[in-house]
Amino acid sequence: MSTLTVMARNTGGAERQPRPRIREVGFTNWLNATLFPWIGPPPVGPYDEEPLPPSSASACPVCGAPMSEHVVDRSGPRTMLHCPRAAAS
1 MSTLTVMARN TGGAERQPRP RIREVGFTNW LNATLFPWIG PPPVGPYDEE PLPPSSASAC
61 PVCGAPMSEH VVDRSGPRTM LHCPRAAAS
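Residue 78 in full-length UniProt numbering sits at position 78 of the sequence shown; the count goes up by one each step and never skips.
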């Protein structure tokens, strides 16, 4: 049974107005203020982990060559990644 069904049965189908405090600040702000003492602030980042390696050391997802060998063209409206040509054998 859903919460909406229970609410509809309890109110007799009439629309019930929220409490004055909730109406003034909005439901989201009221919920944040109510839950903050128990859950605390949001986790913002992994400060004790090592930073990610630079993108030049990683491999290209398209061709597998190192990103340092690629040319990134940002002159147009869309950024273009040009993969290096394979050596002729």
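Using N, Cα and C, we set each Cβ at its ideal position, and we do this for glycine too. A quick note: this is a predicted structure, and the numbers were derived from the prediction, not measured.
Review point. Helix, strand or coil: which one does DSSP assign to residue 37?
Key: Of the three classes helix, strand and coil, the one that applies to residue 37 here is helix, per DSSP.
Review point. Per DSSP, residue 80 is paired with what?
Key: DSSP lists 73 as partners of residue 80.
Exercise for review: Give me the Cα-Cα distance between residue 26 and residue 34, rounded to the nearest whole angstrom.
Suggested key: Roughly 12 Å between the two C-alpha positions.
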